[in-house]
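Protein chains in written order, with this note's numbering: chain A, 20 to 331; chain B, 298 to 470. Think of the CB as a built atom: it goes at the ideal place given N, C-alpha and C, for glycine as much as any other residue. Here the structure is a predicted model, which means the values were calculated and not measured.
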Amino acid sequence: MAGIDHAPPPFFKQGPAPLALLTFYIAVSLAIFVVDLRFKSLDLLRQSIALVVDPVQRVAQTPGSLVDYAASYLQGMRGLQHENNELKHAQLTTAPNLQRLAQLEAENERLRKLLSVKEREKANGQVTQILYTARDPFSRKIIVDKGQQAGIVAGQPAIDETGVVGQVTRVFPFSAEITLITDKDQVVPVQIVRSGQRSVVFGLGNGQLELRYMPANADIQIGDVLVTSGLDGIYLPGFPVARIVNIERDSAYSFARIFCVPIAGVENFGEVMVLDPRQPLPPAPPESAGRPGSSDKPGLGGKKKKTMAKGN
Amino acid sequence: MQPTFSSSRILQPVQPWFIFFSLAGAVVLNFLPTAHWPGVPDWVALVLCFWCIREFRRVGMGWAFVLGLLMDVADGAVLGQHCFAYVLLAYTSAALSRRILWFPLVQQALQVLPLLLATQVFQALMRLAVGADVPGWGYFIGPVVATLLWIPATFILLLPQYRPVEQDPNRPI
Numbered sequence: 020m021a022g023i024d025h026a027p028p029p030f031f032k033q034g035p036a037p038l039a040l041l042t043f044y045i046a047v048s049l050a051i052f053v054v055d056l057r058f059k060s061l062d063l064l065r066q067s068i069a070l071v072v073d074p075v076q077r078v079a080q081t082p083g084s085l086v087d088y089a090a091s092y093l094q095g096m097r098g099l100q101h102e103n104n105e106l107k108h109a110q111l112t113t114a115p116n117l118q119r120l121a122q123l124e125a126e127n128e129r130l131r132k133l134l135s136v137k138e139r140e141k142a143n144g145q146v147t148q149i150l151y152t153a154r155d156p157f158s159r160k161i162i163v164d165k166g167q168q169a170g171i172v173a174g175q176p177a178i179d180e181t182g183v184v185g186q187v188t189r190v191f192p193f194s195a196e197i198t199l200i201t202d203k204d205q206v207v208p209v210q211i212v213r214s215g216q217r218s219v220v221f222g223l224g225n226g227q228l229e230l231r232y233m234p235a236n237a238d239i240q241i242g243d244v245l246v247t248s249g250l251d252g253i254y255l256p257g258f259p260v261a262r263i264v265n266i267e268r269d270s271a272y273s274f275a276r277i278f279c280v281p282i283a284g285v286e287n288f289g290e291v292m293v294l295d296p297r298q299p300l301p302p303a304p305p306e307s308a309g310r311p312g313s314s315d316k317p318g319l320g321g322k323k324k325k326t327m328a329k330g331n
Numbered sequence: 298m299q300p301t302f303s304s305s306r307i308l309q310p311v312q313p314w315f316i317f318f319s320l321a322g323a324v325v326l327n328f329l330p331t332a333h334w335p336g337v338p339d340w341v342a343l344v345l346c347f348w349c350i351r352e353f354r355r356v357g358m359g360w361a362f363v364l365g366l367l368m369d370v371a372d373g374a375v376l377g378q379h380c381f382a383y384v385l386l387a388y389t390s391a392a393l394s395r396r397i398l399w400f401p402l403v404q405q406a407l408q409v410l411p412l413l414l415a416t417q418v419f420q421a422l423m424r425l426a427v428g429a430d431v432p433g434w435g436y437f438i439g440p441v442v443a444t445l446l447w448i449p450a451t452f453i454l455l456l457p458q459y460r461p462v463e464q465d466p467n468r469p470i
């Protein structure tokens, strides 16, 4: 190594010492790592870099999507006919429910008005195309093709045709990042359909979910369906989330270990629907001390706050 | 400016635009959908390591930091994760460059392996420390594949420097 070009190396003008530079850059890296993780205040920096990176990334993804397109184009008549028949069949099976849905909703609304209960929120949203899976091997996220330009904000839930997929966690000008419900420690407040019991389901990171903090003698069976409870102010109530596949009851622990699989095709899909954010909940009533059952209420509130913080 | 110290060939000086071009190419390679396959190397780390060893006065920790920031945003990772690992990689490569270049290519590759492995391990440690998901073993196969690619990478990235000094179109080969 004779140095750069064929000129002698600079003897007197060498800049800062490498060790000083290293210390500086390491300090900056660690600082932005902590700030990004704990305070989430670097979104503007991330968005401005994403503005440059995003087009390149989309172009780099084209070979893969072209192969997908060609594969689906060459899929053959038989497959399509089969799929078509299945879809027609499915449509016919759901037709009775769907046809009465409008009438039921109207009736429900009327009854609720009679009872002077708050009206049910309607689930509106926008369909988005999935661009690619985020490359980060430590988390489960996908990138969709609508962002700030389409009015998407962080915290909106995303569903597919069968159930909840995840939640928008970061928004860029032309794309948004959805964290899947199977991501580690992603939380969804749920309700068991059969018993009506409310709980919170956590992602495990391996494609499964876990229902934590349920007592070992809780009324839970394999095959139970969990739907969103709507207590969090983020997810509308009633969307299917997961189905229980395995229950480990060990007397050594006070809680049962309950494993679920997501109902939506969380790891394989082409389009998802991003639901509009819910109307803000009314402010919580002031806490009154000494009321029975008030000890567990702050706990629930804490969980709710955690979910909302995750969304922001 | 020789491929190794045992070689007697003197290379042309490197073109700055080629360094930029190769690093940009590595970034695009990283963006390809193949990045999810197990064992696909981190191209940016490989090319960055190469230039830090070859041209430590041109490519240094500043480049590593900027590339790290780009990769962080592109990955959807926590900002600073790639920056930290790449800056450390750039520093160690530059510090070891005089020693590594002394060896023939195969042994160079062996010396590069721990550097690239450390890049991945540091990233994994940073994320696991703050409670991320454990990546599969495929995550740690990448550096091994990158090490195997060290010899072809050296050949390709030094290709422009193998040009003859006098370009004579009528010269017999």
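Have a look at residue i and residue j and give me their C-alpha separation to the nearest angstrom.
i, j, result
"Leu-320 of chain B", "Val-344 of chain B", "6 Å"
"Val-207 of chain A", "Phe-274 of chain A", "19 Å"
"Trp-360 of chain B", "Ala-429 of chain B", "27 Å"
"Ser-60 of chain A", "Ile-161 of chain A", "22 Å"
"Val-72 of chain A", "Tyr-254 of chain A", "31 Å"
"Ala-235 of chain A", "Ala-271 of chain A", "10 Å"
"Glu-463 of chain B", "Val-356 of chain B", "28 Å"
"Lys-32 of chain A", "Phe-52 of chain A", "32 Å"
"Val-427 of chain B", "Gly-222 of chain A", "16 Å"
"Leu-226 of chain A", "Thr-201 of chain A", "Per the sequence shown, the amino acid found at residue 226 of chain A is Gly instead of Leu. About 5 Å."
"Asp-465 of chain B", "Val-325 of chain B", "35 Å"
"Arg-79 of chain A", "Pro-192 of chain A", "According to the sequence as given, residue 79 of chain A is Ala; it is not Arg. Approximately 19 Å, taken between the alpha carbons."
"Val-54 of chain A", "Gly-373 of chain B", "15 Å"
"Gln-408 of chain B", "Gln-298 of chain A", "59 Å"
"Val-293 of chain A", "Leu-199 of chain A", "13 Å"
"Ala-387 of chain B", "Val-375 of chain B", "20 Å"
"Ala-89 of chain A", "Pro-330 of chain B", "16 Å"
"Ala-261 of chain A", "Val-219 of chain A", "11 Å"
"Leu-413 of chain B", "Leu-445 of chain B", "12 Å"
"Gly-95 of chain A", "Asp-87 of chain A", "14 Å"
"Trp-447 of chain B", "Val-403 of chain B", "8 Å"
"Asp-295 of chain A", "Pro-302 of chain A", "20 Å"
"Pro-29 of chain A", "Leu-40 of chain A", "18 Å"
State the DSSP-derived secondary structure class of residue i, mapped to helix, strand or coil.
i, result
"Arg-97 of chain A", "helix"
"Ala-323 of chain B", "helix"
"Pro-401 of chain B", "coil"
"Asn-467 of chain B", "coil"
"Phe-221 of chain A", "strand"
"Lys-160 of chain A", "strand"
"Glu-196 of chain A", "strand"
"Ala-89 of chain A", "helix"
"Pro-208 of chain A", "strand"
"Val-418 of chain B", "helix"
"Val-75 of chain A", "helix"
"Tyr-272 of chain A", "coil"
"Arg-355 of chain B", "coil"
"Asn-332 of chain A", "The question about residue 332 of chain A has no answer, for chain A in this structure spans 20 to 331."
"Pro-35 of chain A", "coil"
"Ala-125 of chain A", "helix"
"Ala-153 of chain A", "coil"
"Leu-456 of chain B", "helix"
"Val-311 of chain B", "coil"
"Pro-29 of chain A", "coil"
Quick one: which chain A residues come within Cβ less than 7 Å of residue i?
i, result
"Val-409 of chain B", "Simply none; closest approach about 16 Å."
"Ala-429 of chain B", "Phe-157, Ser-158 and Lys-203"
Confirm, please, whether the CB-CB distance from residue j to residue i is below 8 Å.
i, j, result
"Gln-312 of chain B", "His-379 of chain B", "no"
"Ser-48 of chain A", "Gly-433 of chain B", "no"
"Ala-195 of chain A", "Gly-166 of chain A", "yes"
"Arg-154 of chain A", "Ala-371 of chain B", "yes"
"Val-291 of chain A", "Ala-177 of chain A", "yes"
"Gln-210 of chain A", "Asp-238 of chain A", "no"
"Trp-348 of chain B", "Asn-327 of chain B", "no"
What does the Cβ neighbour count give for residue i, buried or exposed, with the cut at 16 atoms within 10 Å?
i, result
"Asp-179 of chain A", "buried"
"Ala-109 of chain A", "exposed"
"Ile-241 of chain A", "exposed"
"Ile-453 of chain B", "exposed"
"Ser-158 of chain A", "buried"
"Arg-65 of chain A", "buried"
"Trp-314 of chain B", "exposed"
"Glu-124 of chain A", "exposed"
"Thr-112 of chain A", "exposed"
"Leu-367 of chain B", "buried"
"Gly-185 of chain A", "buried"
Less than 7 Å separating the Cβ of residue i from some heavy atom of the ligand ATP?
i, result
"Pro-115 of chain A", "In the structure shown, the ligand ATP is absent, as is every other ligand, since no ligand is present at all."
Anything in chain B within Cβ reach of residue i, meaning under 7 Å, just list it in chain order.
i, result
"Ile-277 of chain A", "Within chain B, no residue comes near Ile-277 of chain A; the closest Cβ sits about 20 Å away, beyond 7 Å."
List, in chain order, every chain A residue whose beta-carbon is nearer than 8 Å to that of residue i.
i, result
"Arg-424 of chain B", "Phe-157"
"Val-375 of chain B", "Phe-52, Asp-55 and Leu-56"
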